[in-house]
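J.: Order-wise, the sequence lines are chains A and B. Take any residue in the first sequence, count from 1 to its spot, add 731: that is its number in our numbering. Read in our numbering, the second sequence has 162 at position 173, and its numbers run on one by one without any break. The structure's right below; bear with me while I get my questions together.
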Amino acid sequence: MSLRISEPGLFSTIQDLGRVGHQRIGVPPSGALDGLALRMGNAVLGQQQNTAALEMCRVGAGMVVEAASLRFCVTGADAPVTLDGVALAPWRSHTARHGQRLHIGRIRGGAAYLCVQGGFALAPVLGSLSTYTRAGFGGFQGRRLAAGDALPLALPEAPAMPERLLPHPVAAERARPLRVLLGPHADMFTEAAIRTLLTEPYQVTNNADRLGMRLFGAPLEHLGPKEIVSDGNNTGCLQVPGDGQPIVLMPDRQTAGGYPKIATVITADLHRLGQAIPGSQLVFEAIAPEQAEVAIWRLERAVLAAIASIREIA
Amino acid sequence: MMRLRQAGDGAMLAEFSDRLDPAAVADVRALDVALNAAAPDGLIETMPCLRSLLVLHDPLRLSARRLTALLEALAGHLDEVEISAAHWIIPVCYEGEFALDLAEIAATKGMTEAEVIQRHTAATYTAIAVGSFPGLPYLGGLDPLLVLPRRVPPRLVVPAGTVAIALEMSNIYPQATPGGWNILGRTPVPLFDPGWAQPSLLSPGDGVQHRPMGREEFESWAAGFADGSRNPIERCRA
């Protein structure tokens, strides 16, 4: 039993919440761009939040269900979802029968997720099902999907149970600034550069993928050297090469880098960063480390409340 | 002296120098061992790099304040940390199209090609870090007379196994990728396979030596790794 891909979309890969513990040998975390949407889709299906799903970037995929039946839930950025041409609501479960065509259209944001009940029957690599295309491992054959691929499903049919609905997803709040902690190398930039970063908008350029997003805006001036002797990278950091235009590092980023990093997006806002696309205007707001701790506690509380609100559809 | 730089709410950089510096490399290594031995709840993983240790932590379980206190306490006792390392001998073929930049390096440095190879194989290297790409070692200990800047612009594709030098380091490209280092030769030894019990042949801190190998021996080794009759761990452990 499988999902037969008829249209692969723009960049569709299998992702879970990422690969832990191998940065020391050069393996980045990978994992969902919007980990919150992945967790929620799995919660609706009543399964482990880390269950791998199909991540689709900017353009969704079309596929045929080749199992007796399949329960699924689409989450993430808004996108038209149809089953045999009939529109379906996201953030709730649906069950498809054998031979039905599921289609996810143009995505109004960075990523949408197709979570399936029972998950995919794929072998983890280094403890994770996340695809890392740059080195060609993880997920489905280490690559993005192509037309004709048969994604193996773990369950032959959907267990009998009522469909479920998440009434109020945790909002991505596109209009709100992305919160950052300054650093690790804020001291390598002029005061004017820090001020500029925190007042001017930065636009995501076309040079944006799962490795990183090049931004364009008012250039940020280095105080001294424009390069550092490499140190470890962290997802969400804004590294600034010599041209002064920041690059935000995303989950497939290199594990080490030689440009100073002016600021880092906080953990609680990484799911929002993951929904940025070329043309998005990003505005950054610096907060104190203590506020970042409050933010992550608040987010996790909101996640628990959202999960508690999931209800059966009569 | 250790300097802590907060790198977001889930990461801390413990920096020991702003340059490549053997003392900083040793401190990074010792702090890495000590922190992983302490294994505080909420520690996700560490990444030793050229002059700093990146510590990733779960801010819900290990606050920046507690992590800072722990790192500062550990940093006071780095001399007492016991460190073990594996040693490897990785053969390199410095011939023909494998040695793309050898003639140019020799000319730039006013040496014969044989002297460049001799200096490259005489050194004992340390894998200061493994990263930027899976299994890619940054080998410190390059002969000071071989220090060179990176090539600008970088090459779009450097073949897997390429052995190259830049700055004060030597490296090995585990997989074909773009790269700007100066190419001296190629090794048939595979460096990374996610299916191995230990996916990277080299770990941070390991010792490495190179020895020259001819084209025929290179091909025989490459065939042995390709058909599985040769095991890189057995073949290369010193």
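Each residue gets a CB set at the ideal place from its N, CA and C atoms; glycine is no exception.
Using the beta-carbon count (16 or more within 10 Å), is R1003/A buried or exposed?
T.: Taking the first residue of the first sequence as position 1, residue 1003/A is located at position 272. Burial call: buried.
J.: Any contact between the region 928 to 944 of chain A and the region 978 to 994 of chain A? By contact I mean 3 or more CB pairs, one from each, below 8 Å.
T.: Result yes; three or more Cβ-Cβ pairs closer than 8 Å.
J.: Would you please verify whether the beta carbon of I756/A is less than 8 Å from any beta carbon of chain B?
T.: The residue given as residue 756/A occupies position 25 in the first sequence. So, interface residue.
J.: Which of the three DSSP states is assigned to N965/A in this structure?
T.: Here residue 965/A corresponds to residue number 234 of the first sequence, with the count starting at 1. Note: N965/A maps to coil in three-state DSSP.
J.: Which partner residues does H834/A have in the DSSP bridge list?
T.: Here residue 834/A refers to the residue found at position 103 of the first sequence. Beta-bridge pairing links H834/A to G793/A, T813/A.
J.: Going along the region 983 to 998 of chain A in order, which residues come within less than 8 Å of chain B, judged by CB to CB distance?
T.: Answer in chain order: Q985, T986, A987, G988, K992, T995, V996, I997, T998.
J.: Nearest chain B C-beta to S961/A closer than 8 Å, yes or no?
T.: Reading the first sequence from its first residue, position 230 is the one you call residue 961/A. Yes, because at least one Cβ of chain B sits closer than 8 Å to the Cβ of S961/A.
J.: Assess contact between the region 1 to 21 of chain B and the region 91 to 108 of chain B, defined as three or more Cβ pairs (one per stretch) separated by less than 8 Å. Is contact present?
T.: No: fewer than three Cβ pairs fall under 8 Å.
J.: Just by C-beta distance, which residues in the region 112 to 138 of chain B are closer than 7 Å to chain A?
T.: Cβ contacts with chain A: A118, V119, G120, S121, F122, P123, G124, L125.
J.: Note down, in chain order, all residues in the region 826 to 857 of chain A with a beta-carbon under 7 Å from any beta-carbon belonging to chain B.
T.: Within the region 826 to 857 of chain A, the qualifying residues are V856, L857.
J.: In this structure, what does DSSP give as the bridge partners for P126/B?
T.: For the purposes of this step, residue 126/B is taken as residue 137 along the second sequence, with counting starting at 1. Its beta-bridge partners are V119/B.
J.: How long is the line joining the alpha carbons of R18/B and L60/B, rounded to whole angstroms?
T.: For this step, residue 18/B is matched to residue 29 along the second sequence. For this step, residue 60/B is matched to residue 71 along the second sequence. Their Cα atoms are separated by approximately 13 Å.
J.: Determine, for Q107/B, whether the minimum Cβ-Cβ distance to residues of chain A falls below 8 Å.
T.: Taking the first residue of the second sequence as position 1, residue 107/B is located at position 118. It does not; no Cβ of chain A falls within 8 Å.
J.: So who's on the other strand from P80/B, going by DSSP bridges?
T.: The count along the second sequence starts at 1 and reaches residue 80/B at position 91. For P80/B, which the question treats as bridged, DSSP gives the partners R200/B.
J.: Is the Cβ-Cβ distance between N171/B and D90/B less than 8 Å?
T.: Taking the first residue of the second sequence as 1, we reach residue 171/B at position 182. Taking the first residue of the second sequence as 1, we reach residue 90/B at position 101. Yes, the Cβ-Cβ distance between N171/B and D90/B is below 8 Å.
J.: Can you pull out the residues from the region 741 to 769 of chain A whose beta carbon lies closer than 8 Å to at least one beta carbon of chain B?
T.: So the close ones are V751, G752, H753, Q754, R755, I756, G757, V758.
J.: Based on the DSSP secondary-structure assignment, which residues constitute the bridge partners of F920/A?
T.: Position 189 of the first sequence, counting from 1, holds the residue named residue 920/A. In the DSSP output, where bridge partners are listed per residue, F920/A has H953/A.
J.: Just grab the DSSP bridge partners of S41/B for me.
T.: To locate residue 41/B, count along the second sequence from 1; it is residue 52. S41/B is bridged to E4/B.
J.: Excluding the five sequence neighbours on either side, which residues of its own chain have a C-beta within less than 7 Å of the C-beta of L929/A, listed in chain order?
T.: For this step, residue 929/A is matched to residue 198 along the first sequence. Once the five neighbours on either side are set aside, the close Cβ partners of L929/A are F1015, E1016, A1017.
J.: Going by DSSP in three states, T57/B sits in which element: helix, strand or coil?
T.: By one-based count along the second sequence, residue 57/B stands at place 68. Of the three classes helix, strand and coil, the one that applies to T57/B here is helix, per DSSP.
J.: Taking P183/B as the reference, give the member of W822/A, L912/A, V795/A, T862/A with the closest Cα.
T.: Stepping through the second sequence from its first residue, residue 183/B is reached at position 194. When only C-alpha atoms are compared, the closest one is T862/A.
J.: Beta-carbon separation of V147/B and P167/B under 8 Å?
T.: For the purposes of this step, residue 147/B is identified with residue 158 of the second sequence, where counting begins at 1. For the purposes of this step, residue 167/B is identified with residue 178 of the second sequence, where counting begins at 1. It is a contact, given that the beta carbons lie within the stated cut-off.
J.: Who does N171/B pair with in a DSSP beta bridge?
T.: To locate residue 171/B, count along the second sequence from 1; it is residue 182. Paired residue(s): I154/B.
J.: Following the continuous beta strand (DSSP E) through N937/A, name the residue where it begins and the one where it ends.
T.: As a position in the first sequence, residue 937/A is number 206, starting the count at 1. That run of the beta strand (DSSP E) goes 933 to 939.
J.: If you draw a straight line from the alpha carbon of H66/B to that of A15/B, how long is it in whole angstroms?
T.: Position 77 of the second sequence, counted from the start, is the residue given in the question as residue 66/B. Position 26 of the second sequence, counted from the start, is the residue given in the question as residue 15/B. Spanning the two alpha carbons is a distance of roughly 13 Å.
J.: Please decide whether G174/B counts as near chain A, where near means a Cβ-Cβ distance under 8 Å.
T.: Locating residue 174/B in the second sequence gives position 185, counting from the first residue. Closer than 8 Å: no.
J.: Would you mind telling me which residues of chain A sit closer than 8 Å to E34/B, beta carbon to beta carbon, in chain order?
T.: Looking up residue 34/B in the second sequence gives position 45. By Cβ distance, chain A contributes V751, G752, H753, Q754, R755.
J.: Of the choices C846/A, I838/A, P900/A, F871/A, whose alpha-carbon is the least far from that of P811/A?
T.: Within the first sequence, numbered from 1, the residue matching residue 811/A stands at position 80. Cα-wise, what sits closest to P811/A is I838/A.
J.: Determine which residues share a DSSP beta bridge with M892/A and list them.
T.: Taking the first residue of the first sequence as 1, we reach residue 892/A at position 161. Answer is none; M892/A lacks a bridge partner.
J.: Below 7 Å on C-beta distance, what does S159/B contact in chain A?
T.: The residue you call residue 159/B lines up with position 170 of the second sequence. By Cβ distance, chain A contributes nothing, its closest Cβ being about 15 Å from S159/B, past 7 Å.
J.: Does any residue of chain A bring its CB to less than 8 Å from the CB of D90/B?
T.: Numbered from its first residue, the second sequence carries residue 90/B at position 101. With 8 Å as the cut-off, D90/B does not count as an interface residue toward chain A.
J.: What is the DSSP secondary structure of D993/A, reduced to helix, strand or coil?
T.: For the purposes of this step, residue 993/A is taken as residue 262 along the first sequence, with counting starting at 1. Before going on, a small fix: residue 993/A reads as Ile here, not Asp. Strand at I993/A.
J.: Can you have a look at L1035/A and say buried or exposed, based on whether 16 or more other CB atoms are within 10 angstroms of its CB?
T.: Along the first sequence, one-based indexing puts residue 1035/A at 304. Per the 10 Å Cβ criterion, exposed.
J.: With H, G and I counted as helix, E and B as strand and the rest as coil, what does DSSP make of P11/B?
T.: Locating residue 11/B in the second sequence gives position 22, counting from the first residue. If DSSP states are grouped into helix, strand and coil, P11/B belongs with the helices.
J.: Would you say G772/A and A783/A are within 8 Å of each other, going by their C-beta atoms?
T.: For the purposes of this step, residue 772/A is taken as the residue at position 41 of the first sequence. For the purposes of this step, residue 783/A is taken as the residue at position 52 of the first sequence. Contact flag unset, no.
J.: Quick one: grab the DSSP three-state call for R907/A.
T.: Taking the first residue of the first sequence as 1, we reach residue 907/A at position 176. R907/A falls in the coil class under three-state DSSP.
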